[in-house]
Amino acid sequence: MTIELKTGSLEIEKSEKLEKLVDYGSRINKKRGFLFVSKVLGKHLPTKPSLMQKTYKDLANLIPKSNEPTLFIGFAETATALGQGVFEEANLKNSFYIHSTRFQTSNKIFLSFFEEHCHAPSHIFYEPLDEELKNMIKDIKRVVLIDDEVSTGNTANNLVNELKKVLPNAKKYYLLTILNWAEKNYENFEYLSLYQGNFTFTPKEINFESCVISEPSEIKDLNEIIPYNFARYGTKKLNLDFSFVKLEKLKNKKILVLGTSEFMYPPYLFAKYLEENGIESYFQATTRSPVNIDGAIKSKLDFKDNYFEEIDNFLYNVIDKEYDKIFLCYETTKLPATFDLKKQLKQKFDVAEIFFRDR
């Protein structure tokens with residue numbers, strides 16, 4: 012089938028399985044003008060927490076069973092919740108989870124790498140803060156890399172080469188994704204995915220000039236802004252208490268829980284808590300990924316980030332919807348004056364803010 016986008020034509024085999032996983036849009040990016048808009052991630056589209064959890068379980072079931080010490084790795088910013096969700100659903104004893112980050116702190120860097128096709132290419136992995144997790148590193152035998160999709164496998168192959176330098180006993184690597192478009196196999200790792208296929212994209216001759224800021228103009232130490240560890244420094248199962256919520260006030264209401272940037276999994280757990288208590292809830296998150304209003308992307312809000320880096324952030328497919336209440340969730344200790352997302356949302360919605368803490 013052919014999907015006509017502002018940036019070109021996408022040719023892809025029609026599939027009921029694929030249709031359940033994605034819709035289509037276009038990026039403001041000359042390297043990659045198309046976008047597979049996930050229906051199960053909770054990033055560009057509002058998603059039921061139960062559907063997200065089902066996706067985590069389906070992916071976890073693809074991982075070969077083993078009692079060997081295993082490291083689960085998620086990629087910022089899109090796959091931070093996906094990675095942790097898969098880790099928790101896999102429920103392996105000798106394992107822990109960590110995700111890459113784009114934010115600088117003073118903590119010791121484990122390794123870093125660049126994702127060449129990405130709008131914001133830098134990825135940082137910090138050394139675990141917990142001594143138990145730090146000591147587990149030398150015993151890790153398997154590594155599960157988790158992302159929403161793989162296009163060529165080159166980035167994963169480069170990362171595995173770097174991981175081999177710091178994980179001396181890891182012998183088996185898996186790249187676990189929702190979508191797999193790669194045509195080449197690598198000796199370094201094995202592909203695992205919910206859907207595997209191919210496509211072609213014919214770009215249009217258009218001007219991709221953009222003034223979007225995706226990287227900070229100066230490196231800032233964000234220790235005071237993000238002092239908490241929700242997986243940036245390694246974690247096991249995350250337990251959060253949401254008993255402060257007055258559920259009776261939310262009955263018969265439609266709720267959206269909004270995560271911010273990399274901070275997705277704890278707000279997802281909050282949305283899941285609401286859904287499990289009989290409340291119609293959806294999850295979504297902001298992003299620094301600039302895309303067009305095109306295809307599955309029906310609306311767009313733009314604003315500066317809440318991490319004091321003055322990076323352009325976006326929220327898609329919310330302002331055109333109807334919700335009785337929106338919970339806007341942060342891992343940051345405070346908000347910059349330039350962050351006006353709440354102000355924009357309050358023009359239409361009842362908005363409450365939640366500042367999460369890990370202790």
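Heads up, the sequence shown is in this note's numbering, so the first residue is 12 and it goes up one at a time. Quick reminder that beta carbons are idealized off the backbone N, C-alpha and C, glycines included. Bear in mind the structure is a predicted one, so any value in this text is a computation, not a measurement.
Coil, strand or helix - residue i by DSSP
i      : result
Ala296 : strand
Ser272 : coil
Asp316 : coil
Ala92  : helix
Glu194 : coil
Pro80  : coil
Leu178 : coil
Leu356 : helix
Leu339 : strand
Val97  : helix
Glu27  : helix
Ala363 : strand
Asn324 : strand
Leu144 : helix
Phe281 : helix
Ser61  : helix
Glu235 : coil
Lys311 : strand
Lys264 : coil
Leu258 : helix
Glu173 : helix
Val286 : According to the sequence as given, residue 286 is Glu; it is not Val. It is helical.
Leu16  : strand
His130 : With a pLDDT of 43 at His130, under the threshold of 50, the modelled position of that residue is not reliable, and the figure given next carries that caveat. In this structure, His130 counts as coil in the three-state DSSP scheme.
Thr166 : helix
Asp158 : strand
Asp351 : coil
Thr344 : coil
Asp150 : helix
Lys68  : helix
Leu32  : helix
Val329 : coil
Straight-line Cα distance separating residue j from residue i
i      : j      : result
Lys50  : Leu32  : 5 Å
Phe107 : Leu46  : 31 Å
Lys182 : Asn168 : 14 Å
Glu79  : Leu144 : 15 Å
Pro132 : Ser26  : The predicted position of Pro132 is uncertain, since its pLDDT is 47 and thus under 50; a value taken from the coordinates is nonetheless stated next. In a straight line, the C-alpha of Pro132 is about 31 Å away from that of Ser26.
Asp335 : Ser204 : 36 Å
Leu52  : Asn180 : 32 Å
Ile236 : Val48  : 30 Å
Phe14  : Glu194 : According to the sequence provided, residue 14 is Ile. The question's Phe does not apply to it. Going from the Cα of Ile14 to the Cα of Glu194 covers about 21 Å.
Trp192 : Ala71  : 20 Å
When the options are compared against residue i, the one with the closest alpha-carbon
i      : options                        : result
Gly270 : Ser254, Thr343, Thr213, Glu286 : Thr343
Glu100 : Lys68, Ile148, Lys76, Gly306   : Lys68
Phe124 : Leu170, Thr89, Asp34, Thr18    : Leu170
Lys247 : Lys315, Thr81, Asn303, Leu62   : Thr81
Arg113 : Asn196, Tyr318, Pro139, Asn218 : Tyr318
Phe86  : Gly53, Ile330, Tyr276, Leu156  : Leu156
Arg38  : Lys332, His55, Phe136, Met275  : His55
Leu73  : Thr188, Leu16, Lys176, Lys353  : Thr188
Asp141 : Tyr244, Asn288, Tyr334, Phe360 : Tyr244
Leu16  : Ala348, Glu138, Val302         : Val302
Leu174 : Glu30, Leu29, Phe83, Ser300    : Phe83
Val268 : Phe366, Leu186, Tyr185, Asn180 : Phe366
Asp316 : Asn40, Pro227, Glu364, Pro278  : Pro227
Glu259 : Asp369, Thr166, Leu285         : Leu285
Arg368 : Asp351, Phe360, Tyr341         : Tyr341
Leu122 : Ile217, Val177, Asn105, Phe98  : Val177
Cys222 : Asn40, Leu186, Ser310, Asp34   : Asn40
Arg153 : Phe98, Pro57, Glu287           : Phe98
Cβ-Cβ distance between residue i and residue j below 7 Å
i      : j      : result
Asn234 : Ser117 : yes
Ser292 : Ile266 : yes
Ala242 : Gln64  : no
Glu88  : Glu320 : no
Thr91  : Met275 : yes
Lys257 : Pro60  : no
Lys357 : Leu339 : no
Leu346 : Ile330 : no
Gly306 : Gly44  : no
Leu261 : Leu280 : no
Leu326 : Thr297 : yes
Ile337 : Phe210 : no
Asn328 : Arg299 : no
Gly164 : Tyr206 : no
Pro214 : Gly19  : yes
Leu190 : Phe200 : no
Expected contact under 8 Å - CB spacing of residue i and residue j to nearest Å
i      : j      : result
Ser225 : Ile322 : 6 Å
Ser162 : His134 : About 16 Å; that fails the 8 Å criterion.
Phe294 : Gln355 : At roughly 19 Å, the Cβ-Cβ gap does not stay under 8 Å, so Phe294 and Gln355 are not in contact.
Leu29  : Gly289 : Wrong, their Cβ atoms sit about 32 Å apart, outside the cutoff.
Ser93  : Asp159 : Residue 93 is actually Leu in this sequence, not Ser. About 6 Å; that satisfies the 8 Å criterion.
Ile120 : Tyr137 : 6 Å
Closer than 7 Å to chain D by CB, residue i
i      : result
Phe114 : The structure shown contains no chain D; it holds only a single protein chain.
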